[in-house]
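Right, one structure below, let's go through it.
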Amino acid sequence: MRVNRLQPRPHTRQSLMLLAGLLCVVLFSFGCERDSPERGRVVLVGLDGVSPRLVDYLMARGALPNFSRLAKAGVFGPLRSEGPLFSPRIWNSIATGKSPEKHGIEFFVTQRASGTGLRLFDSTDRRVHALWNIVSDAGLEVGVVNWWNTYPPEKINGAMVSDHVLPRAVAERTQMADESPEAATPCCFPISWENRVGLLIEREGPLTAFADPFADETVWPPLWQPKRLSHVFAEDDAIMRMAIDVDEQLQPDLLMVFLPGIDRVSHRLWGGFEIREGHEDAWPYGEAERRMAREALFEYYEYTDALLGQLIDRYGKNDLVMVVSDHGFESPHRPGIAENTGTHVSEEAIDGVLFARGPGVPHLRFEGGVSIYDVTPTILSWLGIPPALDMDGRSVAFLKSAPLKLVATHDVGSIDRLEAVPSGAEEEIIMQLRGLGYIE
6 MRVNRLQPRP HTRQSLMLLA GLLCVVLFSF GCERDSPERG RVVLVGLDGV SPRLVDYLMA
66 RGALPNFSRL AKAGVFGPLR SEGPLFSPRI WNSIATGKSP EKHGIEFFVT QRASGTGLRL
126 FDSTDRRVHA LWNIVSDAGL EVGVVNWWNT YPPEKINGAM VSDHVLPRAV AERTQMADES
186 PEAATPCCFP ISWENRVGLL IEREGPLTAF ADPFADETVW PPLWQPKRLS HVFAEDDAIM
246 RMAIDVDEQL QPDLLMVFLP GIDRVSHRLW GGFEIREGHE DAWPYGEAER RMAREALFEY
306 YEYTDALLGQ LIDRYGKNDL VMVVSDHGFE SPHRPGIAEN TGTHVSEEAI DGVLFARGPG
366 VPHLRFEGGV SIYDVTPTIL SWLGIPPALD MDGRSVAFLK SAPLKLVATH DVGSIDRLEA
426 VPSGAEEEII MQLRGLGYIE
C-alpha cells in the first residue's frame with residue numbers, strides 16, 4: 006500500500022499568534038460589557054471539510070438556518086488550519102491544542118513496528134492528553150462520539166463512542182453468513198454502551214425530513230461512488246443519534262461529536278459548485294451532471310445544518326455551543342479530474358470555520374486570527390480549567406473573567422484505554438481512504 010503524501014506548505018504560526026492576540030483584545034472588550042452569567046455545559050461539534058466560502062454563500066441565500074442562528078447569537082469566522090491538510094493530524098490538534106509534532110498523529114496510516122506494511126494510526130499513538138482527558142481529570146463528565154483516532158476507546162469520566170463503531174458495523178454486515186467475526190476490543194467505553202450503540206445504528210426513522218439524494222445510484226456517474234455517498238448520508242444521521250443519546254443519558258459537562266459527511270461528499274461533488282478558472286473545458290461530465298452535483302452538495306450542507314439543529318436545540322442560554330471545521334475545499338489544480346472534483350491541498354482551502362455562542366461570547370464576525378490550536382485552550386478557560394503553557398494555542402478572550410493562570414502541562418499520568426487489538430473495522434476504513442485518494 007503506497008501513501009500519497011502532500012508536502013507541508015510554509016506557515017507562519019507566529020503571525021497567527023499575533024492576530025489571535027489582537028482578536029482577543031477586541032473580544033475581551035465585548036465580553037467586559039456583560040455581567041458574568043452562570044456557566045453551563047459545552048458542546049463542540051466537528052464538521053469535516055466545511056468551507057467558509059460555501060457556508061457564506063448558502064447563509065446569504067437563507068439555506069442554513071441553524072448556522073445563521075449561531076452567527077447572529079455569537080461569533081463566526083474562518084478557523085486557520087495548518088498543512089498538510091490531513092484530517093487526523095488536524096482534528097487531533099483541535100482536540101489537544103498542540104501541533105502534530107507534539108501529539109504524534111501525523112497522517113492516516115503509519116509503518117507497522119514489524120516493518121511489514123502499514124497500519125492505521127489509533128489512540129495509542131497520541132502522546133498527549135486530549136480535551137476529554139483534561140476535562141475528565143478535572144472531575145467533570147464528558148461524552149465523545151466518533152472523534153478521529155479514538156479507538157481503542159479511553160476510560161474517561163463519561164462515555165466514549167470511538168470512530169471505529171460505524172466502520173465495524175459495515176464490515177460485519179458484509180461478512181459471509183457462515184463466518185463469525187474475530188474477537189475484538191469493544192468500540193465504546195463503558196463497554197455497556199456497545200449494545201446500546203448497536204441498537205441506535207439499526208434503529209429506523211431518520212432525525213430529519215431530508216431524503217437521501219444518492220439513494221438512486223443509477224442516475225450518478227459511477228466514479229462518484231453514489232452507494233458509498235448514500236452510506237455517508239446514513240452514517241451522519243446515526244452519529245448524531247448517538248450524540249443525542251449520550252446527551253440524553255449523561256447530560257455531560259462537555260460533549261464532543263464529529264461528522265465526516267461534508268468532506269466525503271465534497272471530494273466527489275465540489276466541481277458542481279466551482280471549477281478552477283481555465284479548466285472549464287476539461288470538466289469530464291455534462292452540464293446536467295454538474296447541476297446535479299451542485300444541488301446535491303448544497304442539499305448536503307442543508308442536511309448537516311438540520312442535524313446540527315437537532316443537537317444544539319438541547320443547549321440553553323448558559324451553555325457554550327461551538328462548531329468548527331478543519332479546512333475548506335477547492336478545485337483540483339489539474340484539469341479534467343473525473344473522480345474527486347474537490348480537494349484541499351493549498352492555501353485556498355486552509356481555512357475552516359468557527360461558530361460559537363454562549364455566555365461571554367460577543368456578537369461579532371471576525372476575519373482571522375483564530376487557529377485550530379486555540380479551540381481546546383478556549384474551551385478549558387470557559388470551563389474554568391487553566392490551559393497549559395505547552396499548548397500551541399491560546400484562549401480566545403470570549404470570557405469576561407480575567408485570564409486563568411496557565412499550568413505547565415496537563416500531560417501528567419497515563420491515559421487508560423481498553424485493550425489495543427484490531428477492532429475489525431480497519432479494512433473498511435482503509436477502503437474508504439483509498440476511495441478518497443489518500444492512500445493506494
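Numbering (our numbering), first residue to last: 6 to 445. Even glycine gets a Cβ: it sits at the ideal position worked out from N, Cα and C.
Alpha-carbon spacing of residue i relative to residue j, whole angstroms
i, j, result
"Ile-244", "Glu-292", "34 Å"
"His-349", "Met-436", "20 Å"
"Phe-113", "Ala-413", "30 Å"
"Leu-455", "Gly-321", "This structure gives no information on residue 455, because the portion of the chain shown stretches from 6 to 445."
"Glu-424", "Arg-439", "27 Å"
"Ser-104", "Thr-223", "44 Å"
"Glu-279", "Ala-214", "28 Å"
"Gln-116", "Gly-45", "43 Å"
"Val-401", "Pro-382", "8 Å"
"Glu-372", "Ser-351", "19 Å"
"Ala-65", "Gly-79", "17 Å"
"Asp-221", "Ile-390", "49 Å"
"Leu-255", "Asp-421", "21 Å"
Beta-carbon gap between residue i and residue j smaller than 8 Å
i, j, result
"Trp-198", "Val-166", "yes"
"Arg-132", "Gly-102", "no"
"His-332", "Ser-86", "yes"
"Ser-330", "Leu-52", "yes"
"Leu-145", "Leu-259", "yes"
"Ser-447", "Gly-163", "Nothing about residue 447 can be read from this structure; the chain reaches only from 6 to 445."
"Ile-249", "Val-55", "no"
"Asn-138", "Pro-93", "no"
"Arg-246", "Leu-212", "yes"
"Ala-5", "Pro-340", "One cannot answer for residue 5 here, as it falls past the ends of the chain, which runs 6 to 445."
"Tyr-306", "Leu-59", "yes"
"Leu-274", "Thr-346", "yes"
"Glu-240", "Leu-302", "no"
"Val-358", "Pro-57", "yes"
Counted within 10 angstroms of its Cβ, other Cβ atoms place residue i as buried (16 or more) or exposed
i, result
"Ile-317", "buried"
"His-338", "exposed"
"Glu-300", "exposed"
"Glu-294", "buried"
"Ser-386", "buried"
"Ser-119", "exposed"
"Val-48", "buried"
"Val-50", "buried"
With three or more C-beta pairs closer than 8 Å as the rule, is the stretch 302-321 touching the stretch 70-81? yes
Would you say the stretch 250-270 touches the stretch 280-289, given that touching needs at least three Cβ pairs under 8 Å? The stretch 250-270 is not in contact with the stretch 280-289.
As an exercise, report each continuous alpha helix (DSSP H) stretch of at least 4 residues that is fully enclosed by the stretch 374-424, in chain order. 380-387
Answer yes if the stretch 323-331 comes into contact with the stretch 356-365, meaning at least three C-beta pairs across the two stretches below 8 Å, and no otherwise. yes
Stretch-stretch touch, CB-based, cutoff 8 Å, three pairs: the stretch 92-99 with the stretch 376-390: Cβ pair count under 8 Å is three or more, so yes.
Residue ranges of each beta strand (DSSP E) within the stretch 99-183, 3 or longer: Entirely contained in the stretch 99-183, the beta strand (DSSP E) runs reaching 3 residues are, in chain order, 114-116, 123-125, 147-150, 163-166.
Fully enclosed by the stretch 210-295, which alpha helix (DSSP H) runs are 4 residues long or longer? 231-255, 266-274
If we require 4 or more residues per run, which alpha helix (DSSP H) segments fall completely within the stretch 40-93? Listed in chain order, the complete alpha helix (DSSP H) runs (minimum 4 residues) inside the stretch 40-93 are 57-65, 70-78.
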